[in-house]
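Protein chains: 2
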Amino acid sequence: MEISGPASTREHPAAHVTGALERLTRFLVRLGPRGDLSLTAVGTLGTLERSGPCRLTELAAHEGVTQPAMTQLVSRLQESGLVTRTSDPDDKRVVQVRITDAGRAALAGRRETRAAMLAELLDQLSEDERASLVAAVPAIDRLTHLAPEDR
Amino acid sequence: MEISGPASTREHPAAHVTGALERLTRFLVRLGPRGDLSLTAVGTLGTLERSGPCRLTELAAHEGVTQPAMTQLVSRLQESGLVTRTSDPDDKRVVQVRITDAGRAALAGRRETRAAMLAELLDQLSEDERASLVAAVPAIDRLTHLAPEDR
DNA sequence: CATGCTTATATCACCACATTATGTATCCGT
DNA sequence: ACGGATACATAATGTGGTGATATAAGCATG
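Chains as they are written, first to last, in the UniProt record's numbering: chain V, 1 to 151; chain D, 1 to 151.
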């Protein structure tokens, strides 16, 4: 039994963490206000808010869905008034998608709702447990920014 | 500004943790082997493995989906040979759903796959980051077992 | 012990969101 | 100016969800 493989440092943690993250995922997905925006919609709006207007194809790649899926999503978001489609004057093929004030508001509202729900749950944890979650946030952020193109 | 409300201890952590968990959720959902079992299917199989045979309605409530959705899911799982439907002799209305060996195997296989994928990503983190995730596992487990009936 | 409410599941019609394959318009290099 | 590449839209399809409603079994009661 080797002390440390070149890549996988002891597999116990991975299995352990994986199980927890699986359960967490299902838990968080089910937590949401049911009739609301899809996960991809939230991600897309977030990207638009963070990085400004963006072409449709870039958005699709960034959110990890196909271009047609993004076309449909943007259409729905546009109908709901959360984004606008404006065609680029320089290249009339491209569509610039831009978040609207209503979109920002929807995003903020959702965040507030979810934060409130989570806060309520976090309150039921011990001080130590909360602290351990807060301490894990940087690692979680690193994790979510890893491997953006290996898929 | 009160030092501690009766319920919500400082809201900074909640907002902070919420954002991270939102991103994590999208990340993990998109990580999965695409053509595989749905999130609800995995949850259901997991519940059956953990708690033994269960009525359909209980399963639906436990997984947070409607009864028709669970009826459909169980039908699909049954067709795939991952569960069995047996009608309760005491109350002929109820259906007992039971996981099969194939179901357990599917679950184990999936876990292995995901653990491997995650292990690969965890390897890209620093030792400290990994440690912080491992340390957060108990809190995550507590969290996911909270509020099972408040919805 | 028949009538009627409740409970457990199934079925139906529909919708949201994704995929692949393909169409259409625009740009660009030779 | 033509031909291929690029950006987006459209079409056909699949999966997994919802609410409304049907069916059938249990249960309570007059």
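From the three backbone atoms N, C-alpha and C, an ideal C-beta is built for every residue, glycine too.
Residue i beta carbon near the ligand SAM (any heavy atom closer than 7 Å)
i	result
D:Leu28	With respect to the ligand SAM, the structure offers nothing, as it holds no ligand at all.
Integer Cβ distance of residue i from residue j, believed to fall under 8 Å
i	j	result
V:Leu82	V:Ala102	6 Å
D:Asp141	V:Ala20	6 Å
V:Thr25	D:Leu28	5 Å
D:Ala14	V:Leu118	6 Å
V:Glu129	D:Pro138	7 Å
CA nearest to the CA of residue i, picked from the options
i	options	result
V:Val17	D:Thr144, D:His145 and D:Leu122	D:Leu122
D:Asp91	D:Ala136, D:Arg55 and D:Arg30	D:Arg55
V:Ser87	V:Val97, V:Glu112 and V:Thr57	V:Val97
V:Asp36	V:Arg50, V:Leu77 and V:Ser132	V:Leu77
V:Thr71	V:Val94, V:Gly52, V:Arg50 and V:Pro89	V:Val94
D:Arg23	V:Arg111, V:Ala131 and V:Glu127	V:Arg111
V:Thr66	D:Glu120, D:Glu79 and D:Arg30	D:Arg30
V:Leu143	D:His145, D:Leu146, D:Leu143 and D:Leu133	D:Leu133
V:Gly52	V:Glu79, V:Thr84, V:Ser80 and V:Ala115	V:Thr84
D:Glu120	V:Leu146, V:Glu127, V:Glu120 and V:Ala131	V:Leu146
Residue range of the alpha helix (DSSP H) that includes residue i
i	result
D:Thr44	Leu39 to Ser51
D:Ser132	Glu127 to Thr144
V:Gln67	Gln67 to Glu79
Segment limits, beta strand (DSSP E) that includes residue i
i	result
D:Val83	Val83 to Ser87
V:Val95	Val95 to Ile99
request  = For the stretch 60-68 of chain V and the stretch 93-110 of chain V, state whether three or more C-beta atom pairs, one from each stretch, are separated by less than 8 Å.
outcome  = no
inquiry  = Counting only Cβ-Cβ distances shorter than 8 Å, please list the residues of the stretch 133-147 of chain D near chain V, keeping chain order.
reply    = Leu133, Val134, Ala135, Ala136, Val137, Pro138, Ala139, Ile140, Asp141, Arg142, Leu143, Thr144, Leu146 and Ala147
ask   = Relative to chain D, which residues along the stretch 27-48 of chain V have a C-beta separation below 9 Å, given in chain order?
value = Phe27, Leu28, Val29, Arg30, Leu31, Leu39, Thr40, Val42, Gly43 and Gly46
message = Across the stretch 41-54 of chain D and the stretch 106-114 of chain D, are there enough close Cβ pairs to call them in contact, namely three or more that are closer than 8 Å?
response = They touch, by the three-pair rule.
request  = Below 9 Å between beta carbons is the criterion; list the residues of the stretch 55-83 of chain D that meet it against any residue of chain V, in chain order.
outcome  = For the stretch 55-83 of chain D, which is checked against every Cβ of chain V, the residues closer than 9 Å are Glu63, Gly64 and Val65.
message = Please list, in chain order, the residues of the stretch 83-115 of chain D that have any C-beta partner in chain V closer than 8 Å.
response = Arg111, Arg114 and Ala115
query = What are the residues of the stretch 13-25 of chain V that lie near chain D, defined by any Cβ-Cβ distance shorter than 9 Å?
reply = Pro13, Ala14, Ala15, His16, Val17, Thr18, Gly19, Ala20, Leu21, Glu22, Arg23, Leu24 and Thr25
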